[in-house]
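Student: For the sequence shown, the residue numbers in the working numbering are 28 to 477.
This is the structure, below, for whatever I ask next.
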Amino acid sequence: MKNKSQFVCSSCAHVEPKWVGRCSQCGEWNSFQEEVIDRKKRPTRDSNGPKPIGEISQSAYERVATGIGEFDRVVGSGLVRGSLLLVGGGPGIGKSTLIMEVCGKLGHIAPSEKILYVSGEESEGQVADRSKRLGIDSENFFVLNETNWEKIRETLKSLRPSYFVLDSIQTTSSDHLQSTPGTVSQVREVTYEILNYCKAHSITSVIIGHITKDGQIAGPKVLEHMVDAVVYFEGDPLGHYRILRSIKNRFGNTNEVGIFEMTELGLREVADPSKYFLDLLSKDSYGRSISCIVEGSRPLFIETQALVIENKNGFGRRTAQGIDSGQLAMLVAVAEKYFDTPLSFSDIYANIVGGIRLKTREADLAVLAAILSSLRKIPIPDDTILLGEVGLTGEVRSVPMPQMRIKEMERLQYKRLISSKRMAKEFQDLVDFPIVGIEKAHEIDELLFR
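Quick look at the structure:
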């Protein structure tokens with residue numbers, strides 16, 4: 028029987044019977060790749076029919092704590108036996124280093140359980156060099172350099188490990204497909220095979236994946252739906268700090284974060300990131316402010332820096348690091364409109380210290396204050412926190428989870444909080460330090476710079 032083929036979009040996995048230039052679903056150009064339709068019938072699971080929900084017993088998941096507190100926090104108090112974890116991140120961010128440290132901890136916790144680390148990108152010697160640098164030397168830790176799934180499966184059958192790591196899914200291919208490694212069909216097929224085999228044999232598996240320029244894990248979106256948990260490793264490869272963020276977790280909370288610092292000896296946990304970041308503040312310098320964001324279930328203090336300089340050649344530039352450039356442009360427009368401050372011919376640079384990237388609007392007031400501080404050349408007191416979302420009409424709005432942030436401010440002994448009037452009204456009687464409530468953002472000009 029003649030094989031048939033179909034064309035799959037590498038961005039969204041949309042299928043077309045023939046090649047087209049632009050995907051009708053996601054709008055990407057030249058994203059379609061040909062794959063041969065597999066006519067082999069897949070095995071089906073036996074079903075006993077529907078049951079009343081009250082008669083179904085709850086599953087008891089066995090968790091294994093790795094001993095790396097920040098990692099365990101993100102995945103939900105440890106790895107679940109037989110689960111499949113997907114770890115994504117950019118090149119050079121430290122994905123392999125993190126997972127190898129996890130394997131090293133597991134090797135000491137359970138010396139009788141075998142760990143198989145399959146690397147398709149690095150040779151066995153390169154993996155061994157990293158393990159020695161990290162101080163990992165366990166007799167139950169095995170390394171294999173292989174990219175063919177069928178050979179990897181034979182190794183799993185003979186070795187029978189309790190933990191399996193694949194680095195990375197984009198380099199692994201199956202003989203059942205004719206397409207090259209990294210294509211939509213190969214990523215989907217190999218993940219499906221790993222899911223079936225490791226679930227059937229209760230092997231705890233970790234898959235490492237690359238991300239695209241848009242920050243998504245390369246391959247079809249269905250890949251994230253197939254696995255039990257998805258975590259992203261973020262940060263500036265040239266910086267010191269890394270953030271491990273949970274995107275999906277069937278066995279725990281989502282949107283949890285763990286903070287790490289990259290050192291010469293590997294990754295080091297940052298158990299109290301707010302205090303750690305604040306120790307690095309440059310005292311009595313203008314163009315900086317402090318705010319408090321919430322990442323997962325923990326408050327995190329961040330430093331916002333701004334630099335305003337005159338542009339003598341035309342309209343000013345807007346450059347942002349850690350904050351969306353459109354958000355920065357909006358805040359500058361608000362400052363021009365309501366602060367009576369001309370900024371059109373000034374270059375404005377904004378940066379969030381430590382590689383943190385703002386995904387919410389709770390630090391708008393702090394960004395505005397940093398810009399004004401740089402423009403006026405007046406420093407903001409180090410014991411002052413600015414917290415609030417700023418709207419296009421210049422109003423200041425409250426932020427979610429205020430109790431958590433205020434409790435952290437009390438722990439670190441801050442002296443003043445500038446936020447919305449609503450927040451000051453609700454919480455002033457509950458704290459010892461003053462909460463200055465403002466209605467319009469331009470009021471910080473009088474409070475801090477006059």
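Ideal Cβ placement from N, Cα and C applies to all residues, glycine included.
As the structure is a computational prediction, the values presented were derived from the model and not from experiment.
Which value, in whole angstroms, describes the spacing of the CA atoms of C225 and I336?
Tutor: 58 Å
Student: Alpha carbon to alpha carbon, how far is P138 from G162? Give it in angstroms, no decimals.
Tutor: In a straight line, the C-alpha of G162 is about 16 Å away from that of P138.
Student: State yes or no: is the C-beta of Q332 within less than 8 Å of the C-beta of N378?
Tutor: Taking C-beta atoms as the reference points, Q332 and N378 count as a pair closer than 8 Å.
Student: Exposed or buried, V91, counting other C-beta atoms within 10 Å across all chains shown (16 or more means buried)?
Tutor: buried
Student: Less than 8 Å between the C-beta atoms of V217 and S195, yes or no?
Tutor: Contact check for V217 against S195 fails: the beta carbons are separated by 8 Å or more.
Student: Got a sec? Which residues, its chain only, sit under 7 Å from K122 by beta carbon, not counting five neighbours each side?
Tutor: V114, G116, I235, F260
Student: Quick check on this structure: which residue in F169, V192, V380 has the alpha carbon closest to the alpha carbon of G16?
Tutor: Lying outside 28 to 477, the shown extent of the chain, residue 16 is not represented and no answer is given.
Student: Rounded to whole angstroms, how far is the Cβ of I471 from the Cβ of I445, which I believe are closer than 8 Å?
Tutor: 6 Å
Student: Helix, strand or coil, according to DSSP, for D194 in the structure here?
Tutor: strand
Student: What residue does the beta strand (DSSP E) around F287 start on, and which one ends it?
Tutor: Element bounds for F287: 284-290.
Student: Which full runs of the alpha helix (DSSP H) of 4+ residues lie inside the segment 94-118, going along the chain?
Tutor: Listed in chain order, they are 96-102.
Student: Can you tell me which of the three DSSP states C36 falls into?
Tutor: strand
Student: If I follow the unbroken beta strand (DSSP E) through H237, where does it start and stop?
Tutor: 231-237
Student: Under the rule that 16 or more other beta-carbon atoms within 10 Å means buried, what is A360, buried or exposed?
Tutor: Of the residues assessed, A360 falls on the exposed side of the cut-off, its CB having fewer than 16 other CB atoms within 10 angstroms.
Student: Contact criterion: CB-CB distance below 8 Å. Does Y219 meet it with respect to chain D?
Tutor: Among the chains of the structure shown, chain D does not appear; only one protein chain is present.
Student: So which of E473, K452, R443 has the shortest CA-CA distance to F460?
Tutor: R443
Student: Using only the alpha-carbon positions, how far apart do G343 and A362 sit?
Tutor: 14 Å
Student: Along the beta strand (DSSP E) that carries E322, what are the first and last residues, could you check?
Tutor: 315-322
Student: Between G162 and the ligand HEM, is the CB less than 7 Å from at least one heavy atom?
Tutor: This structure lacks the ligand HEM, and indeed carries no ligand of any kind.
Student: Buried or exposed, going by whether 16 or more other CB atoms sit within 10 Å of the CB of F366?
Tutor: Label assigned to F366: buried.
Student: Give me the Cα-Cα distance between L112 and G209, rounded to the nearest whole angstrom.
Tutor: Straight-line Cα distance between these residues: approximately 18 Å.
Student: Using only the alpha-carbon positions, how far apart do D391 and L457 sit?
Tutor: Distance between the alpha carbons of D391 and L457: 25 Å.
Student: So, for E296: in the same chain, excluding its five sequence neighbours on each side, which residues have a beta-carbon less than 7 Å away from its beta-carbon?
Tutor: I95, G96, E97, F287
Student: From the DSSP output, read off the bridge partner residues of T14.
Tutor: Past the boundaries of the shown model lies residue 14; the chain is included only from 28 to 477, so the question cannot be answered.
Student: Distance check for Y313 and R403, CA to CA, integer angstroms please.
Tutor: 8 Å
Student: Let's test the definition: count the other Cβ atoms within 10 Å of the Cβ of I136 and tell me whether it reaches 16, buried, or not, exposed.
Tutor: exposed
Student: Using the DSSP secondary-structure output, state which residues sit across from K275 in a beta bridge.
Tutor: V257
Student: Closest by CA to L27, which one among G266, G279, R315?
Tutor: The shown model of the chain, from 28 to 477, leaves out residue 27, and the question about it has no answer.
Student: What first and last residue would you give for the beta strand (DSSP E) that runs through G152?
Tutor: Run containing G152: none in the beta strand (DSSP E); it sits in the alpha helix (DSSP H), 151-160.
Student: Between Y268 and L327, what straight-line distance do the alpha-carbon atoms span, to the nearest angstrom?
Tutor: 14 Å
Student: Please report the distance separating the alpha-carbon of C319 from that of R432.
Tutor: 7 Å
Student: Within 10 angstroms of its Cβ, does Q440 collect 16 or more other Cβ (buried), or is it exposed?
Tutor: exposed
Student: Please state if the CB of T182 and the CB of L133 are separated by a distance shorter than 8 Å.
Tutor: no
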